[in-house]
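Have a look at the structure below before the remarks.
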Amino acid sequence: MRKTPTYWLSAGLIAVCLLPWYAVQGGFFSFEWLLSDFGSKESASALGQVLFHGKWWLLAAVLPLIALAVLLSRKQAPQVLAKSMVIVAALGIFAIVVQAFSIGRTGPEFFVGLLSQGPAAEGQTGFGAGAMVVLVSLLFVLTSGISGMGKGRGDIFVVGLIGLIIALVGTFVFFPVSRILVQAFETDDGYSLSQFLGNYFDPEMWSLSCLTLSGHCGPIWNTLFLGIMVGAGTTALGLAFALIATRTQFRAKFLLRVLSILPIVTPPFVIGLALILLFGRAGLVSNVLYDYFDIEKSRWLYGFTGLFIAQMLSFTPIAFLVLIGIVEGVSPSMEEASQTLNGSRWQTFRHVTFPLIRPGLANTFILGFIESAADFGNPLVLGGNYGVLSTEISYAIIGAVTSPEKAATVAIMLLTLTLSAFMVQRLWLGKKSYATVTGKADSGQHSSLNPVLRFFCYATALPWAAFSAVVYSMIIFGSFVKLWGYDNTFTLAHYIKAFGIEFDNGIHWNGVAWDSYFTTLRIASIAAPLTALVGLATAYLLVRQRFAGKALFEFSTMLSFAIPGTVIGVSYIMAFNVPPIELTGTGIILIIVFVFRNMPVGVRGGIAAMSQLDKSLDEASITLGANSFTTVRKVILPLIGPAILAALAYSFVRAITSVSAVIFLVSAEHNMATSFIVGSVENGDFGLAIAYCAVLIVTMLLAIMIMQLVIGKRKLRRENRVQSQSKLHKLQARDA
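According to our numbering, the residues represented by the sequence shown are 162 to 897, in order.
Here you go:
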């Protein structure tokens, strides 16, 4: 009861006395602040700011820590101590947040009459390391007190994890999104509900003119229809790939795995450009059909058809990465039991395998639907007259006539679609159990597919894999020609310009792309494990724990995924360009936006994987004396390797290929690869952009293969008898 909060209180006291309260020039880890005086105005701690600079309002950080120290030093009943800790820590967090928002960079913004005189009139900058450590310390003292009151079954790890994720999601999802969504109600004179309702129910947004052939349907119906089609299509294709990879003897499985993940390692607009150069009016396929078959050239690619193909290429890998772990996790003994009872392979798949993978299918559909609805790059290139919500938001923000309130209203429409998709998913899954991994010995092999289903999987997945190979061969081809589509002379000039190296008195990285390349790899390497960690921790809470507000908690974790990247980028600028959290222009803001933009993939993959793990595994571990943290580390994590791989791989490549979310957040010091590629395209240097994309594709494929080797496959069944006997004989021989 006292041990954990004492540790956190000690960290908070050290921070409030020694660490700089405000952000310092050059960054905390430059440690330049250590060379300055203890009372320096720029690098003083909260206590130093109070004592030497008269910033009395920072007593909001000092006094709660002193009060907690007094409480923990006194002997009192555990329940009384727990309640007191909760009250004091909560008041401390509240006071720090209030003072931070009350005094901005240029002076007081609230309580002006009280703060208009003295040091407060000068304003204050954003939080530094000291403020962050104090807030985290108070947070965990608060969660320790809540667990001491018996909440969360008194499990300090679980309650602390819930509190941490709520704080992170609230700070980096709800806070920035709320800053831009509030604008849906803003007018020149204040706020207006009628303006919001007028924008929300705009007839152009809800038009159904396409049904009567008198015009185009509204963007909300276009987005809904496209999302359903892409969600269903990616789920079907992902399942076909997963079944071929796990339930057949197909010899080129490795090649299928590579081809299935290729689309995810490429910026979306590159796929759109490749499709245009294949099927556009001047495309390769269009020219061949016109020259040899006299088929007229048309613009069929621009609109729903082109968008559907491009998004299927882009998002099928997500389905495959999620579903392969789910299909591998189905207990082979249950399939063998079905066949022992004279069930055919089709009956086994229909009545045993398919019902057990329903959570994976539902989560995959949700991911495909949300990805389609939030996609920005493909509609921008191939949308034509097929308007969708993501481009409407973009046009409202960066169009000829900017309208932030309309952009916020359309974003709310998009959230409405996402919430509806969650409700449908819950109705389909119901409250059935899908656990198949119980900790008991599980021998046997997975049932193979019946001939008809195997043929259907081959007929679905193999042509799509071939089509993907053609699209990507065009991308690779374009990087080795002078001008793609016009002058196809072979050249290495694009690669030399982008990634040239000289060895004159050492290595000189003189290519124009090296700086953004190294920055991108560094930021993606930091963001990927953090994304997987936060996502899988959230999935653990959603699957394994019960707490108030669980449904709202689950929806909040998907919020950033449902909002288009353009809106996320703009909202981060609005939220984190001013105190109390100033992050714009730093690498930290890029890491944060990647973590919370891509976290839902880890959440949905973790939910699907953990739904197959029986809770008796947790109970057995706890019965044997392990706490929740040890149970997670020793029991659950080893069994969800594919989900970890999916979260790591997806978050890593999305951190590299993301366009819309980071286009507003990059800086001269932290330029990302996609920003560099977009700039090259805008300058007409397509060869350089395509060469850069080719290098990124190779880089990400190598990274994913390394992750696969490190994490490996989930092993849920015993080795066969021959292997076991062989190992036994070797051990006996060694002992002899």
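We put the CB at the ideal spot given by N, CA and C, even for glycine.
Computed from a prediction, not measured in an experiment: that's the story for all the values here.
Check	Outcome
Rounded C-alpha distance that separates residue 600 from residue 778	At residue 600 the pLDDT is 49, less than 50, meaning the model places this residue with poor confidence; the figure from the coordinates comes in the next sentence. Near 6 Å, if we compare the C-alpha coordinates of residue 778 and residue 600.
6 Å CB neighbourhood of residue 530 in its chain, flanking five on each side removed	388, 392 and 582
Between the CA atoms of residue 245 and residue 168 - distance to the nearest angstrom	17 Å
Test item: CB-CB of residue 685 and residue 672 under 9 Å	no
Where residue 779 sits in the DSSP three-state scheme	helix
Buried versus exposed call for residue 515 [16 or more other C-beta atoms within 10 Å across all chains shown]	exposed
First through last residue of the beta strand (DSSP E) which encompasses residue 651	648 to 651
Backbone CA spacing between residue 242 and residue 170 [nearest angstrom]	14 Å
Distance CB(residue 692)-CB(residue 760) smaller than 9 Å	yes
Sub-9 Å separation of residue 534 and residue 341 beta-carbons	no
Boundaries of the alpha helix (DSSP H) in which residue 244 is found, first to last residue	239 to 263
Nearest-angstrom Cβ-Cβ length linking residue 139 and residue 636, presumed shorter than 8 Å	Look at the range of the chain in this structure, 162 to 897, and you will see that residue 139 is not part of it.
Residue from 196, 776, 712 and 640 with nearest C-alpha to residue 847	640
9 Å Cβ cutoff met for residue 423 and residue 478	yes
Cβ contact check for the region 471 to 485 and the region 397 to 409: 3 or more pairs under 8 Å	yes
Alpha-carbon spacing of residue 412 relative to residue 297, whole angstroms	52 Å
Classification of residue 452 by the beta-carbon crowding that lies within 10 angstroms, buried from 16 upward	exposed
Pairwise C-alpha distance: residue 542 and residue 463	8 Å
Contact set for residue 187: own chain, Cβ-Cβ below 6 Å, skip 5 residues either direction	193
CA nearest to the CA of residue 899, picked from 830, 552, 255 and 681	The displayed coordinates of the chain run from 162 to 897. Any statement about residue 899 would go beyond what the structure contains.
Where the alpha helix (DSSP H) through residue 164 begins and ends	164 to 179
Integer Cβ distance of residue 334 from residue 721, believed to fall under 8 Å	5 Å
Range covered by the alpha helix (DSSP H) that runs through residue 610	First-last for residue 610: undefined, no H or E at that position.
Run of the beta strand (DSSP E) containing residue 642, from where it starts to where it stops	642 to 644
Cβ shell of residue 805 (< 8 Å), same chain only, five flanking positions each side left out	693, 697, 798 and 872
Per-residue burial, residue 507 [other beta carbons within 10 Å of its own, 16 or more giving buried]	exposed
Cβ-Cβ distance between residue 550 and residue 584 below 9 Å	no
The region 705 to 716 touching the region 851 to 867, judged by at least three CB pairs closer than 8 Å	no
Nearest residue (CA-CA) to residue 204, options 240, 292 and 619	292
Spatial distance of residue 858 from residue 416 (CA atoms)	15 Å
Residue span of the alpha helix (DSSP H) that contains residue 676, given as start and end	675 to 705
Where residue 532 falls: helix, strand or coil (DSSP)	helix
C-beta atoms of residue 900 and residue 287 nearer than 9 Å	As displayed, the chain neither begins before 162 nor continues past 897, which places residue 900 out of reach and without an answer.
Length at least 4, wholly inside the region 490 to 578: the alpha helix (DSSP H) runs in chain order	493 to 501, 506 to 509, 519 to 535, 538 to 543 and 550 to 559
Residue 882, DSSP secondary structure in three states	Here residue 882 scores only 40 on pLDDT, less than 50, and its place in the model should not be relied on; the value that follows carries that caveat. Here residue 882 sits in helix by DSSP.
Alpha carbon of residue 371 to alpha carbon of residue 467, nearest angstrom	18 Å
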